[in-house]
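Be aware that the sequence shown starts at 27, since it is given in the working numbering, and climbs by one per residue.
Positions of the beta carbon are idealized from the N, C-alpha and C atoms, including for glycine.
Every value quoted in this text rests on a predicted model; they were computed, and no experiment measured them.
Here's the structure, in structure tokens; my notes come after.
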Amino acid sequence: MSIAPLSSPALRGALADLKTLLAENAVARDRAGGTAKAERDAIRRSGLLTLAVPAAYGGQGEGWPAILGAVRDLAQVDSSLAHLFAFHHLMVASILLYGNPTQRAGLLTATARRGLFWGNALNPLDRRTHLTPAGELAEDGEEPQSWSLNGTKSFCSGASDSDLLLVSADGPDGVLRVMVLPTDRSGIAVLDDWDAIGQRQTDSGTVTFTDVAVSAADILGPPGPFGDVASSLRPCIAQSILASLYLGIAEGALAAARGFTLTEGRPWRASGVASAAEDPYLLHHFGEVQLAVAAADALGGLALDRLQRAWERGRSLGAQERGETSLAVATFKVAAARAGLDAAGRLFDITGARGAAGRYGFDRFWRNVRTHSLHDPLDYKLKELGVHALTGALPEPGFYS
27 MSIAPLSSPA LRGALADLKT LLAENAVARD RAGGTAKAER DAIRRSGLLT
77 LAVPAAYGGQ GEGWPAILGA VRDLAQVDSS LAHLFAFHHL MVASILLYGN
127 PTQRAGLLTA TARRGLFWGN ALNPLDRRTH LTPAGELAED GEEPQSWSLN
177 GTKSFCSGAS DSDLLLVSAD GPDGVLRVMV LPTDRSGIAV LDDWDAIGQR
227 QTDSGTVTFT DVAVSAADIL GPPGPFGDVA SSLRPCIAQS ILASLYLGIA
277 EGALAAARGF TLTEGRPWRA SGVASAAEDP YLLHHFGEVQ LAVAAADALG
327 GLALDRLQRA WERGRSLGAQ ERGETSLAVA TFKVAAARAG LDAAGRLFDI
377 TGARGAAGRY GFDRFWRNVR THSLHDPLDY KLKELGVHAL TGALPEPGFY
427 S
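Here it is, written out as structure tokens:
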């Protein structure tokens, strides 16, 4: 399959080594759940956390096709750690899109120099976090210089063992603000309460905030979220990450099916053939999965090319190009989710009753893609595509489109 390569042999070697390491105990770790501390530290040591950090701040400055190609590659063997790896780069992108020049330079230089691992506590649907001014409001309407943050956030992927958190909260004016906080700041508690059938090592549980001190400098902007067209590109990156994870899971399931069939597979007694590799019904399943994966791969190539071109426009990005990028990414996401679900299900049609043995861990592919594909409804992606097909209207920028 066509995965855009990282730019240097050293980076490609680091990615290959990390993938091999994650594959070694992926099944056992999936059963165990919890925080994959050793593996997270391996990601830190790999040097790959700087892929999205521009060279001007000490990073690698890779493009999104290569970054998301790395995500997809890791997701073939371990979609939980690939998820954390990907969301780290989404947080880096958020600083570039939302932050002012001083914030971008300070936060991203520190990320590159210190190997910081970012976690997420933004979740725009969970509006239970609130900022209140710590002192009196200025009479001239200026923003307060100090705030107090209280509340709860759910689905906080990668918060455990992170160094920095991206957090959203409503101010007293009802306006959503996004801020960067050290995970160990007083009043922040990362709970070990993630309990899902899949993506068990994404640490996507709850974070609580109790009288957390927030300075004006901690709040990103201008432009902040949706402060201009360029800042609204973040959801396109987030949705591309999800699609890349789903496609990686599909490829992982296909690889597992292939390996089992060629080494342990048996033809059905009524097939009239000598080996599983000749069984016509198994070959039919392989053909269907291959078709779905190839289609998602092609659509992904188009979407990520559009995403990269939009990214390179910087602050000059226009609404039309942003909307077209969103449509291309939505198409990729639906195709990749369908490919992942189909491949993960057909894996058992191919491997049969013996493939359900716990030692193989084949169920993790379906559990992971089923859990993650619920992130936001595919039906609403199809609605966006349908509206455009019927009327030509582009999606309205939002945290999920």
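By the C-beta criterion, the region 247-255 is judged to be in contact with the region 329-346, since at least 3 inter-stretch pairs fall below 8 Å. Under the three-state reduction of DSSP, V193 is assigned to strand.
In this structure, DSSP gives L420 a state outside helix and strand, which the three-state scheme calls coil. Assigned with DSSP and collapsed to three states, F143 falls in coil, not helix or strand. The residue among D402, G39 and G141 with its C-alpha nearest the C-alpha of G85 is G141. A residue is called buried once 16 or more other Cβ atoms fall within 10 Å of its Cβ, and V97 is buried on that count.
Taking a cut-off of 8 Å for Cβ pairs, the region 47-60 and the region 114-121 do not touch, as fewer than three such pairs fall below it.
For D237, the enclosing beta strand (DSSP E) has its first and last residue at V233 to S241. When C-beta atoms of the region 293-305 are compared with those of the region 387-399, fewer than three pairs fall below 8 Å, so the two segments do not count as touching. With contacts defined by Cβ atoms closer than 8 Å, H156 and A185 do not form a contacting pair. Under the three-state reduction of DSSP output, L77 falls in the coil class, being neither helix nor strand.
Per DSSP, the beta-bridge partners of K179 are V233.
In this structure the region 244-251 lies against the region 202-210, because at least three pairs of beta carbons, one per stretch, are closer than 8 Å. DSSP links H398 through a beta bridge to no other residue. The beta-bridge partner set that DSSP reports for S174 consists of T158 and A239. In the three-state reduction of the DSSP assignment, R203 falls in the strand class. DSSP places I93 in the helix class (H, G or I) of the three-state scheme. At a Cβ-Cβ threshold of 8 Å, L100 and A68 do not count as neighbours. Taking all protein chains shown into account, L151 has fewer than 16 neighbouring C-beta atoms within 10 Å of its C-beta and is therefore exposed. The residue among I263, R226 and F286 with its C-alpha nearest the C-alpha of L122 is I263. In the DSSP assignment, I263 falls within the alpha helix (DSSP H) that extends over R260 to T289.
Collapsing the DSSP output to three states places A379 in a helix. DSSP places P35 within a helical segment (H, G or I) once states are collapsed to three.
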